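Data block below; observations after.
Residue numbers (the numbering used here), protein chains in the order written: chain A, 1 to 112; chain B, 1 to 116.
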């Protein structure tokens, strides 16, 4: 089992739709969780950190389910500009050093 | 503006040549990372450094070398020993600390390396 897994998609949705992605992780000791957005041929950019209580930023809502070991990202009222790849990242350790473990990403295409 | 810069944006190299990719940050971050991204394979960690004059191998360090002589700079050398160097290379940094919120990594714009 991979340490962090995402459905690669692609998710094709019409403008205005609500879409949700999940990301499962294997290490129950992980403490930090993130969603990044990556546009084609660009660097990943932080979209949201995911907190235990869940958090919302405009049309975006992130949730953490520790019992089932997954995080989710909900996008409401999808815009054309939301088309991108969404990467989840989960904290881990390399020896005593902290690192992030990355999913392969979920591709979203929002269509007019 | 604070941020991470990488240069060059595009780089072409002949087989058998070493090449060095630049990564500079003015965020006063302690930790820096190099990743490689290939289509369909996600981000793979090459090397990372938590403090000046110290660095550690990541998951795919073979054929690469780094140095960390200054806090701001973490150059990556792709050597001729790297069998398949064509890829998108991303540098990242984070503020080092003991609390979970310092795990956030911020990326430079990347260098796209092509071996001819």
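Backbone N, C-alpha and C define an ideal beta-carbon position, used for all residues, glycine too.
If you're wondering where the values come from, they're calculated on a predicted model, not measured in any experiment.
The straight-line gap separating the alpha-carbon atoms of residue 76(A) and residue 85(B) is approximately 40 angstroms. Straight through space, the alpha carbons of residue 88(B) and residue 85(A) are spaced by roughly 15 angstroms. For residue 99(A), the chain B residues whose C-beta falls within less than 7 angstroms of its own C-beta are 45 and 48, listed in chain order. For residue 74(B), no beta strand (DSSP E) segment is defined, and its DSSP state is neither H nor E. Residue pairing from DSSP places residue 14(A) in a beta bridge opposite 111(A).
Note on residue 15(A): under 16 other CB atoms within 10 angstroms of its CB, so exposed under the neighbour-count rule. Residues of chain B whose Cβ lies closer than 7 angstroms to the Cβ of residue 44(A) are, in chain order, 107. By a beta-carbon distance limit of 8 angstroms, residue 50(B) does not contact residue 112(B). Their separation comes to about 27 angstroms.
In this structure the region 13–25 of chain B does not touch the region 31–40 of chain A; the number of beta carbon pairs closer than 8 angstroms is below three. Nearest CB-CB separation between residue 68(A) and chain B: not below the 8 angstroms threshold.
For residue 25(B), no CB of chain A lies under 8 angstroms from its own CB, so it is not counted at the interface with that chain. Per the C-alpha coordinates, the member of 45(B), 20(B) and 109(B) positioned closest to residue 77(B) is 20(B). Put simply, the backbone Cα of residue 34(B) is about 10 angstroms away from that of residue 57(B). Around the beta-carbon of residue 48(B), 16 or more other beta-carbon atoms lie within 10 Å, marking it buried. When the beta-carbon positions are compared, residue 13(A) and residue 103(A) stay at least 8 angstroms from each other.
By the 16-neighbour rule on beta-carbons within 10 angstroms, residue 1(A) is exposed. DSSP places residue 91(B) inside the beta strand (DSSP E), whose first and last residues are 87–94. Of the candidates 22(B), 12(B), 103(B) and 44(B), 22(B) places its Cα closest to the Cα of residue 72(B).
With its beta carbon at least 8 angstroms from every one in chain B, residue 9(A) lies outside the interface. With respect to the 8 angstroms criterion, residue 27(B) and residue 93(B) are classified as neighbours on the basis of their beta carbons.
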